[in-house]
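Peer 1: Residue numbers (our numbering): 205 to 580.
The beta carbon of each residue, even a glycine, is placed where N, CA and C say it ideally should be.
Quick one: this structure, given as structure tokens, is what I'll be asking you about.
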Amino acid sequence: QSSAMRRVVAPRAAPRVVMATSPGLVLAPTESGGVDDKAVGSVCVKRFISDEGESWKMWYSARGTDHDPDVLPIATGQICLATSDDGVHWSREGPVITENKDDWWWFDTAHVGIGDVQVMSSQAERTGGVAMYWAYFFGGDQDRQDEDGPKGASMSVGLAISSNGQNWGRVEGEHPCGSILRPGEKGEFDEAFVGWPQVIMHGNEDYRLFYHTITPEGKYVVAVAQSKDGVKFDKKGPVLEPGKPGSFDARGAGARHIIETPEGSPAKYLMFYEAVDEEGTHSIGLAQSNDASTWERVGDGPIFAPSTEEGAWDAGAVGRPNVVPLDNGHYRMYYYGQSGKGAGAQQDAMGIGVAENDGKDWFQWTRHEGSTNPAA
Numbered sequence: 205q206s207s208a209m210r211r212v213v214a215p216r217a218a219p220r221v222v223m224a225t226s227p228g229l230v231l232a233p234t235e236s237g238g239v240d241d242k243a244v245g246s247v248c249v250k251r252f253i254s255d256e257g258e259s260w261k262m263w264y265s266a267r268g269t270d271h272d273p274d275v276l277p278i279a280t281g282q283i284c285l286a287t288s289d290d291g292v293h294w295s296r297e298g299p300v301i302t303e304n305k306d307d308w309w310w311f312d313t314a315h316v317g318i319g320d321v322q323v324m325s326s327q328a329e330r331t332g333g334v335a336m337y338w339a340y341f342f343g344g345d346q347d348r349q350d351e352d353g354p355k356g357a358s359m360s361v362g363l364a365i366s367s368n369g370q371n372w373g374r375v376e377g378e379h380p381c382g383s384i385l386r387p388g389e390k391g392e393f394d395e396a397f398v399g400w401p402q403v404i405m406h407g408n409e410d411y412r413l414f415y416h417t418i419t420p421e422g423k424y425v426v427a428v429a430q431s432k433d434g435v436k437f438d439k440k441g442p443v444l445e446p447g448k449p450g451s452f453d454a455r456g457a458g459a460r461h462i463i464e465t466p467e468g469s470p471a472k473y474l475m476f477y478e479a480v481d482e483e484g485t486h487s488i489g490l491a492q493s494n495d496a497s498t499w500e501r502v503g504d505g506p507i508f509a510p511s512t513e514e515g516a517w518d519a520g521a522v523g524r525p526n527v528v529p530l531d532n533g534h535y536r537m538y539y540y541g542q543s544g545k546g547a548g549a550q551q552d553a554m555g556i557g558v559a560e561n562d563g564k565d566w567f568q569w570t571r572h573e574g575s576t577n578p579a580a
């Protein structure tokens, strides 16, 4: 592979303070002065089992109040790492991938966000026994799509590699801006941006990269690209489009997380996706597939919705799901939540939450109670 490696700014510690308990909430913006004191966003959570027990890693998108205010006001900026012994109580380790300050022509000079992290254990033999982490992330540059628009709205997908999940090197993709996937040409359905990537291995030398975009008609669409090596991808088009008028996903499907189901399940794959209705309410829906190409919605409504409790931190929107299977057959879903509607970086309250399911009825989730949140 001839792809060039790019240096990533070394991580620095972020402050850790404690907030009162709140149903579901496990991570929220820190007090003033932290690298994530303005917003936290999408997450990728991995659980590891060893002779010493279990350990957890969470990579999450974050933005500080010192981030350029002219950049697209969403919950992105840098990618941070948090660690845990139980997946509920988290310790911040600071930023691990920041906006690119070394290469001015790259796609990610204004902000970055995490999409997916793959632990390539099959790479262990060729790397001296060390498993490689591959981070599929997205970001935007310093350009504006129009004179009065924000910087970094035209987002692309990139790849970084690490031997420990904390120190990363960018991989230079095939496109001139360094990305491995970029927006379509004028008039194509994904001309606005490509973002929030997730990769699954559908078969030998068959990488599927799922991403979403907003069409020229203002609809959210999930699409897929295919690769033999996980680096060079060919777009294959949309796989999940907006639901019928009046439905919970009438405006479409956005950030998603796909898992492979246990043997004997009705379908091989489940897609948990962020759904948007015609009023702009974000919830989480479910679709299933046997071939990772044709997807069928499960049920007529969301499997997880904003809290109905007055004043809840996640009463305005929930989305960006990340599902982790547990040993007892249960599943944990990490999700982004916010108190109101609108851009994530402009909320009174937001955070990362967790809910649990017994693996029998996907419409029954329980927010984790009494989780201590390391935030302000």
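Applying the criterion that 16 or more other CB atoms from any shown protein chain within 10 Å of the CB defines a buried residue, is Ser246 buried or exposed?
Peer 2: So Ser246 counts as buried.
Peer 1: Answer yes or no: do Met554 and Val244 have a C-beta to C-beta separation smaller than 8 Å?
Peer 2: Yes; because the gap between Cβ atoms is below 8 Å, this pair is in contact.
Peer 1: Compare the Cα-Cα distances from Tyr337 to each of Met324, Ile404 and Trp294 and report the closest residue.
Peer 2: For the residues Met324, Ile404 and Trp294, the minimum Cα distance to Tyr337 belongs to Met324.
Peer 1: Among Trp308, Trp260 and Val398, which residue has its Cα nearest to the Cα of Thr582?
Peer 2: Not covered by the structure: residue 582. The range shown for the chain is 205 to 580.
Peer 1: Find out if the Cβ-Cβ distance for the pair Val300, Gln370 is shorter than 8 Å.
Peer 2: Yes. Within cutoff.
Peer 1: Going by the DSSP bridge assignment, what does His461 pair with across the sheet?
Peer 2: For His461, which the question treats as bridged, DSSP gives the partners Phe476.
Peer 1: With a CB to CB cut of under 6 Å and the five nearest residues on each side skipped, what residues in its chain are close to Ala509?
Peer 2: Counting only Cβ-Cβ distances below 6 Å, and skipping sequence neighbours, we find Ser487.
Peer 1: Taking DSSP as the reference, what is the three-state secondary structure of Thr225?
Peer 2: Bear in mind that the predicted position of Thr225 carries a pLDDT of just 45, short of 50, making it too unreliable to give a figure here.
Peer 1: Quick one: grab the DSSP three-state call for Trp308.
Peer 2: If DSSP states are grouped into helix, strand and coil, Trp308 belongs with coil.
Peer 1: Kindly give me the distance between the Cβ atoms of Val249 and Met262, rounded to whole angstroms, as I take these residues to be in contact under 8 Å.
Peer 2: Indeed they touch by this definition, with Cβ atoms about 5 Å apart.
Peer 1: In terms of residue numbering, what span does the beta strand (DSSP E) encompassing Lys250 cover?
Peer 2: Ala243 to Ser254 is the span of the beta strand (DSSP E), which, as asked, contains Lys250.
Peer 1: Please report how far the alpha carbon of Tyr540 lies from the alpha carbon of Ser265, in whole angstroms.
Peer 2: Taking the straight line joining both Cα atoms gives about 10 Å.
Peer 1: Would you kindly work out how many angstroms separate the C-alpha atoms of Gly298 and Cys284, rounded to a whole number?
Peer 2: C-alpha separation (whole angstroms): 5 Å.
Peer 1: So, at 7 Å on beta carbons, what are the nonlocal neighbours of Glu573 in its own chain, with the 5 sequence-adjacent residues on each side left out?
Peer 2: So the list reads Pro227, once near-sequence residues are dropped.
Peer 1: Quick check: Gly523 and Gly458, are their CB atoms within less than 8 Å of each other?
Peer 2: Yes; because the gap between Cβ atoms is below 8 Å, this pair is in contact.
Peer 1: Between Val443 and Ser366, how many whole angstroms is the CB-CB distance? I'm expecting something under 8 Å.
Peer 2: Wrong, their Cβ atoms sit about 29 Å apart, outside the cutoff.
Peer 1: Ordered along the chain, which non-local residues of its own chain (more than five positions away) have a Cβ less than 6 Å from that of Glu395?
Peer 2: So the list reads Pro387 and Gly388, once near-sequence residues are dropped.
Peer 1: Tell me the rounded alpha-carbon separation between Ser360 and Ile556.
Peer 2: Going from the Cα of Ser360 to the Cα of Ile556 covers about 24 Å.
Peer 1: Would you say Gly268 and Gly257 are within 8 Å of each other, going by their C-beta atoms?
Peer 2: No, they are not a contact pair.
Peer 1: Taking the C-alpha atoms as reference points, what is the distance between Trp562 and Phe414?
Peer 2: Inspection of the sequence shows that residue 562 is occupied by Asp rather than by Trp. Spanning the two alpha carbons is a distance of roughly 26 Å.
Peer 1: Given that a residue counts as buried once 16 or more other Cβ atoms are within 10 Å of its Cβ, and exposed if not, what is Pro401?
Peer 2: When all chains shown are included, Pro401 counts as buried.
Peer 1: Pop quiz: Thr313 and Gln346 are said to be a contact at Cβ under 8 Å. What is the actual Cβ separation, rounded to whole angstroms?
Peer 2: Between Gln346 and Thr313 the Cβ distance is about 5 Å, and since that is below 8 Å, they are a contact.
Peer 1: Let me make sure I understand the geometry here. Which of Ser511, Pro525, His534 and Glu560 has the alpha-carbon closest to that of Gly544?
Peer 2: The option with the nearest alpha carbon to Gly544 is Ser511.
Peer 1: Where does the unbroken beta strand (DSSP E) through Ala266 begin, and where does it stop?
Peer 2: Note, Ala266: beta strand (DSSP E), Gly257 to Arg267.
Peer 1: Once DSSP output is grouped into helix, strand and coil, what is the label at Gln542?
Peer 2: DSSP places Gln542 in strand when its eight states are reduced to three.
Peer 1: So, is Gln175 buried or exposed, given that buried needs 16 or more other C-beta atoms within 10 angstroms?
Peer 2: The structure shown has nothing for residue 175, since the chain only spans 205 to 580.
Peer 1: Determine the burial state of Ser236: buried for a count of at least 16 other Cβ atoms within 10 Å of its Cβ, exposed for fewer.
Peer 2: Answer is exposed; the Cβ neighbour count stays below 16.
Peer 1: State buried or exposed for Lys432, treating a residue as buried only when at least 16 other CB atoms are found within 10 Å of its CB.
Peer 2: Counting Cβ neighbours within 10 Å, Lys432 comes out exposed, since fewer than 16 surround it.
Peer 1: Look at the alpha carbon of His461 and the alpha carbon of Ala429, and state the distance between them as a whole number of angstroms.
Peer 2: Their backbone Cα atoms lie some 15 Å apart in a straight line.
Peer 1: Return the CA-CA distance between Ala214 and Gly373, expressed in angstroms with no decimal places.
Peer 2: With a pLDDT of only 35 at Ala214, under the threshold of 50, the placement of this residue in the model should not be trusted, and no figure is reported.
Peer 1: Secondary structure at Gly291, three-state DSSP: helix, strand or coil?
Peer 2: Of the three classes helix, strand and coil, the one that applies to Gly291 here is coil, per DSSP.
Peer 1: Taking the C-alpha atoms as reference points, what is the distance between Val239 and Ala232?
Peer 2: Rounded to the nearest angstrom, the two C-alpha atoms are 12 Å apart.
Peer 1: Would Ala503 be called buried (16 or more neighbouring beta carbons within 10 Å of its own) or exposed?
Peer 2: In the sequence on display, residue 503 carries Gly and not Ala. Gly503 comes out exposed.
Peer 1: Going by DSSP, what residue range makes up the beta strand (DSSP E) through Ile404?
Peer 2: Its beta strand (DSSP E) spans residues Gly399 to Gly407.
Peer 1: State the start and end residues of the unbroken beta strand (DSSP E) segment that holds Pro442.
Peer 2: Note, Pro442: beta strand (DSSP E), Asp438 to Leu444.
Peer 1: Quick check: the Cα distance between Val375 and His406, rounded to an integer number of angstroms?
Peer 2: Whole-angstrom Cα-Cα distance: 23 Å.
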